[in-house]
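First the structure, in the form of structure tokens, and then the observations on it.
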Amino acid sequence: MSFQPVFVQFWEKVKESIQNGTYAKLTLAKTIGDTELKNIYVRPVLNDEKNDYKLSLTARYKTEEIESFHTVDEAFIVLAPYMNNPFLTALLFTTENDITFKLNKKRVGTIIEQAPTFKNASDVIIEMKEKGII
């Protein structure tokens, strides 16, 4: 069984948390073995000129960081191939709960919800709420 349908469900929770204004941060982590790519951080970035936002994807390698900017749907297309190669975990932190997408040894995806780590949404999300973008 493929883990992609479960990752799609996880990504829906990412989109919901942005729209609801509860998004704090998203991290892809827990690699298989010693890899060049260590993790990917996802955070919203405001585009004041267009009164909208993009997601900043910061790929952290052993020796450098590479940042790229994407719409929410583009970010899914960019991030999905990294699940299972090299990442086994995606962690979504919201003010309501922490949502973890995990792949087990058989590469079956599961979603786990836990108590929230963060009390406040990201500063950009708060600003987006104030400006009526979300």
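Each residue of the sequence shown is one higher than the last, beginning at 33 in our numbering.
Just so it is clear, CB atoms sit at the ideal spot from N, CA and C, and this is done for glycine as well.
Runs of alpha helix (DSSP H) lying entirely within the stretch 100-153, each at least 4 residues, in chain order: DSSP runs (the alpha helix (DSSP H)) wholly in the stretch 100-153: 104-111.
Spatial neighbours of THR54 within its chain, please: CB distance less than 6 Å, with the 5 preceding and 5 following residues excluded, ordered by chain position. For THR54, where only same-chain residues beyond five positions count, the Cβ hits under 6 Å are THR126, THR127, GLU128 and ALA153.
For ASN52, does the three-state DSSP call read helix, strand or coil? It is helical.
Whole angstroms are fine: how far does the CA of PHE133 sit from the CA of GLU68? Straight-line spacing of the CA atoms in GLU68 and PHE133 works out to 22 Å.
Got a sec? Which residues, its chain only, sit under 7 Å from ASP84 by beta carbon, not counting five neighbours each side? Excluding its 5 nearest sequence neighbours in each direction, ASP84 has C-beta neighbours in its own chain below 7 Å: ILE165, listed in chain order.
Out of HIS102, LYS151, ALA147 and PHE108, state which residue places its alpha-carbon closest to the alpha-carbon of GLN41. Comparing Cα positions, the closest option is PHE108.
Is it the case that the Cβ atoms of THR173 and PRO118 are separated by a distance below 7 Å? There is simply no residue 173 to check, as the chain begins at 33 and stops at 166 in what is shown.
Let me check one thing: in DSSP terms, what residues is VAL74 bridge-paired to? VAL74 pairs with LEU58 and LEU89.
In the DSSP assignment, find the alpha helix (DSSP H) that holds ASP155 and state where it starts and stops. Note, ASP155: alpha helix (DSSP H), 155-162.
My output table needs one value for GLU68: the three-state DSSP class, helix, strand or coil. In this structure, GLU68 counts as coil in the three-state DSSP scheme.
Once DSSP output is grouped into helix, strand and coil, what is the label at GLU97? Of the three classes helix, strand and coil, the one that applies to GLU97 here is strand, per DSSP.
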